[in-house]
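One structure is given here, and the rest of the page talks about it.
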Amino acid sequence: MMIPVRCFTCGNVIGEHWEEFKARAREGEEDPAEVLDELGVDRHCCRRMMVSHTDLVDVVSPYQ
Numbered sequence: 002m003m004i005p006v007r008c009f010t011c012g013n014v015i016g017e018h019w020e021e022f023k024a025r026a027r028e029g030e031e032d033p034a035e036v037l038d039e040l041g042v043d044r045h046c047c048r049r050m051m052v053s054h055t056d057l058v059d060v061v062s063p064y065q
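Here this note's numbering runs 1 ahead of the position in the sequence shown, where the first position is 1.
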């Protein structure tokens, strides 16, 4: 789950693409820029948020 769900700068909803982006780009399988192109994330501000985002949910609550 990506928090925040929207881009801080433009307000576009980007949280819906987070799981697929994380699965494909963060694991090193594909180039993050190509993944974002395929997902349709075109704006620079949204791309920056996707690339620089860190999931803190796993760090903050390690016990499930």
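Here a beta-carbon is modelled for each residue, glycine too, at the ideal position from N, C-alpha and C.
Check, Outcome
"By alpha-carbon positions, which one of Glu21, Gly29, Phe9, Arg49 ends up nearest to Glu39?", "Glu21"
"Going by DSSP in three states, Arg27 sits in which element: helix, strand or coil?", "helix"
"Compute the distance between the beta-carbons of Arg48 and Asn13, then report whether it is under 8 Å.", "no"
"Which two residues bound the contiguous alpha helix (DSSP H) that contains Asp38?", "33 to 40"
"State the Cα-Cα distance for the pair Arg1 and Met50, rounded to the nearest angstrom.", "The requested residue 1 does not occur in the structure, where the chain is confined to residues 2 to 65."
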